[in-house]
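Enquirer: Below are the structure tokens for one structure; questions will follow.
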Amino acid sequence: MTTPESSELLGVSKEEFLQSVREALGRSNVPPSQPYPRLTDTLPELEKQAAQIRQHLEENLPALLDKLADMAGKGGWNVHRASGVEEAIAYIETVARES
Numbered sequence: 059m060t061t062p063e064s065s066e067l068l069g070v071s072k073e074e075f076l077q078s079v080r081e082a083l084g085r086s087n088v089p090p091s092q093p094y095p096r097l098t099d100t101l102p103e104l105e106k107q108a109a110q111i112r113q114h115l116e117e118n119l120p121a122l123l124d125k126l127a128d129m130a131g132k133g134g135w136n137v138h139r140a141s142g143v144e145e146a147i148a149y150i151e152t153v154a155r156e157s
């Protein structure tokens with residue numbers, strides 16, 4: 059727990075710190091006048107958005123998986139694209155045996 063004395067030892071008060079964060083983020087000390095738009099969406103609107111996202115994913119799945127595999131490989135991951143469940147299981151067994 060921070061006491062007034064300990065915050066002075068840190069060199070800046072809690073309020074000064076929070077104010078500097080607000081300034082860095084370009085925000086004021088008052089809450090926004092309108093709620094975040096997502097908080098006002100209705101259930102049907104959210105369901106429609108979810109359906110659009112699912113459709114986009116379905117239409118772009120091969121390209122998205124290619125991009126994921128590429129980025130994971132660049133990140134040092136071992137990536138294997140299996141053509142089916144059996145191939146995936148066989149690959150996992152091979153990796154487990156080698157580890």
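Residue numbers (this note's numbering): 59 to 157. Glycine included, each C-beta is placed from N, C-alpha and C at the ideal position.
(1) Can you tell me where the alpha helix (DSSP H) holding GLN77 begins and where it ends?
(2) Beta carbon of VAL137, beta carbon of ALA146: below 8 Å?
(3) Give the secondary structure of PRO89 by DSSP, where H, G and I count as helix, E and B as strand, and everything else as coil.
(4) Looking at the unbroken alpha helix (DSSP H) that takes in PRO120, where does it start and where does it end?
(5) Out of LEU104, ASN87, GLN113, point me to the one whose CA is closest to PRO95's CA.
Expert: According to the structure data:
(1) 72-83
(2) no
(3) Under the three-state reduction of DSSP output, PRO89 falls in the coil class, being neither helix nor strand.
(4) 101-132
(5) The candidate whose alpha carbon is nearest that of PRO95 is LEU104.
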